[in-house]
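All residue numbers for the sequence shown refer to the numbering used here, where the first residue is 1 and numbers rise by one. Quick reminder that beta carbons are idealized off the backbone N, C-alpha and C, glycines included. Okay, so here's the structure we're looking at.
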Amino acid sequence: MIERDQPMIGSPLVHTSDLGELVDKVTRLLSSHTVCPARSGGFTADVEGFQGPELSMFHLDYRMPLRMRAARLDDYLAVCLPLTGSMGVAHKGVSFQAVAGARGFLGTPDAELVMDWDEQLTLLVLRVELTPLRRMAARMITDIPGQVDGLDFEPVMDSGTVVPAALSQALLLARLVGAAQGREVNPLAAAQLREQVLGTLLLGQPNSWSRVLCSGAQRRSARSTIRDAAEYIGLHAHEPLSIAGIARAVGLSERALQAGFRREFDLSPKQYLQQIRLDRAHDELAAAGPDVRVIDVAHRWGFTNAGRLAAAYRRRFATTPSATLFHATPP
């Protein structure tokens, strides 16, 4: 839980004691809504935040109990995370209590949203545009560009995983914005964080595509591990490598490693390693000076003799190591 005197989250966007001005300015940031204070008397509301092209963040502190009624959202999701206090929520036919540190909620374009804020509530809202979310869902399911239709989320966020993850990502975005000190936020860092937020929602928050998305993520995870193994081979190709050692390095069985390389590259791990070593030997010979010998290059890249290198080299490059060395060496 975060105390009310926390550091600023983003830039000041609204500071007012006028209810009409507050509603007007927040409508421009989010969606059309009404605010009905639960008691008479003065208040001073503050909104801070960061507005990005596909992911925005707002910190709302109104310092009064109220009922807020929001029309159907535009084409975005509102990830709402109480930082202090609590609020009653009615959305998509469900009524529940959102509480700091335990339960948030997801506002969607599917229905009107009604919220009853207590006076202690401070609320962090992530505005997540739906188009990139639908595109990521399509990539996770098929690896084919496009977007899924009918992506419908449950409104209650009470998972012990998704709520802390979303809050952590939101606060990381706040630190990123703070570090920029008014300059443009690092676009690469912002894009990476946006991908994390989208992935958290798609895989962590129950939705109409959850089963298919989780299945697709498992397939992608297997592919990713094989890519990790290929990267490991590339980094350690100059060292003695065994299939058992490669499998152990990426946490796979030897059988799974073999099957994964056949699936991803139509090669065995040993064949893939030999290709990498042949490519490195070719590059070294092509850039060699007059003192380089083929046998030395062969030994350096794991070939026990020059003849074995020459045979594999000819199959891959349709020439010989000696010919590559001859053309590289100045007359």
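Are the CB atoms of residue j and residue i within a distance shorter than 8 Å?
i: Pro132; j: Arg72; result: no
i: Ile276; j: Val212; result: no
i: Thr27; j: Ala45; result: no
i: Ala170; j: Leu124; result: yes
i: Val389; j: Glu284; result: In the structure as shown, the chain starts at 1 and stops at 331, and residue 389 therefore has no counterpart that could be examined.
i: Leu176; j: Ala189; result: yes
i: Gln97; j: Gly88; result: yes
i: Met332; j: Pro37; result: The first residue shown for the chain is 1 and the last is 331, placing residue 332 beyond what the model contains.
i: His59; j: Gly49; result: yes
i: Val47; j: Leu19; result: no
i: Arg316; j: Leu273; result: no
i: Leu172; j: Leu193; result: yes
i: His282; j: Thr324; result: yes
i: Leu54; j: Glu129; result: This sequence places Glu at residue 54; Leu is not what is there. In this structure, Glu129 lies closer than 8 Å to Glu54 by Cβ.
i: Ala249; j: Tyr232; result: yes
i: Asp74; j: Ser31; result: yes
i: Ala174; j: Ile9; result: yes
Rounded to whole angstroms, what is the Cα-Cα separation between residue i and residue j?
i: Glu239; j: Gly302; result: 8 Å
i: Val79; j: Leu126; result: 5 Å
i: Ala312; j: Met136; result: 42 Å
i: Gly307; j: His327; result: 19 Å
i: Leu113; j: Asn186; result: 34 Å
i: Ala165; j: Gly93; result: 26 Å
i: Cys214; j: Leu309; result: 45 Å
i: Gly245; j: Ala237; result: 12 Å
i: Val156; j: Phe105; result: 5 Å
i: Ala191; j: Arg134; result: 16 Å
i: Arg314; j: Ser322; result: 11 Å
i: Glu264; j: Ala318; result: 25 Å
i: Glu119; j: Phe43; result: 10 Å
i: Val99; j: Met115; result: 12 Å
i: Gln271; j: Asp291; result: 30 Å
i: Arg227; j: Arg255; result: 16 Å
i: Ser242; j: Asp266; result: 19 Å
i: Leu29; j: Tyr76; result: 12 Å
i: Ala286; j: Arg280; result: 10 Å
i: Gly182; j: Arg139; result: 34 Å
i: Ser11; j: Gly178; result: 8 Å
In the DSSP assignment, find the beta strand (DSSP E) that holds residue i and state where it starts and stops.
i: Asp46; result: Ala45 to Phe50
i: Thr34; result: His33 to Pro37
i: Thr16; result: Ser11 to Thr16
i: Leu55; result: Leu55 to Asp61
i: Leu66; result: Leu66 to Ala70
Output the boundary residues of the alpha helix (DSSP H) element that contains residue i.
i: Arg316; result: Ala306 to Phe317
i: Leu278; result: Pro269 to Ala286
i: Gly20; result: Leu19 to Leu29
i: Ser168; result: Val162 to Ala180
i: Asp296; result: Val294 to Arg300
What residues in its chain sit with their C-beta under 6 Å from that of residue i, if we drop five residues either side in the sequence?
i: Asp158; result: Arg103
i: Thr34; result: Arg69
i: Glu154; result: Pro206
i: Gln196; result: Gln169
i: Leu22; result: Thr16 and Ala45
With a CB to CB cut of under 8 Å and the five nearest residues on each side skipped, what residues in its chain are close to residue i?
i: Arg262; result: Ser268
i: Gly251; result: Thr225
i: Thr200; result: Val162, Ala165, Ala166 and Gln169
i: Pro331; result: For Pro331, the pLDDT reaches just 47, beneath the cut-off of 50, and the residue's location in the model is therefore unreliable, although a value from the coordinates is still provided. Contacts found: none.
i: Ala229; result: Ile246, Ala247, Ala249, Val250, Leu252, Leu257, Gly260, Phe261 and Pro269
i: Lys25; result: Leu13, Val14, Thr16 and Val47
With a CB to CB cut of under 7 Å and the five nearest residues on each side skipped, what residues in its chain are close to residue i?
i: Trp117; result: Tyr62, Pro65, Leu66, Met68 and Met87
i: Asn305; result: Ala298
i: Gly234; result: Ile276
i: Gln258; result: Ser268 and Pro269
i: Leu121; result: Pro82, Thr84, Gly85, Ser86 and Met87
i: Ala111; result: Arg72, His91 and Lys92
i: Trp209; result: Ala137, Val148 and Leu151
Quick one: which unbroken beta strand (DSSP E) runs of 3-plus residues sit fully inside the region 235 to 270? Chain order, please. none
Alpha helix (DSSP H) runs wholly inside the region 83 to 159, at least 4 long, in chain order: 130 to 142
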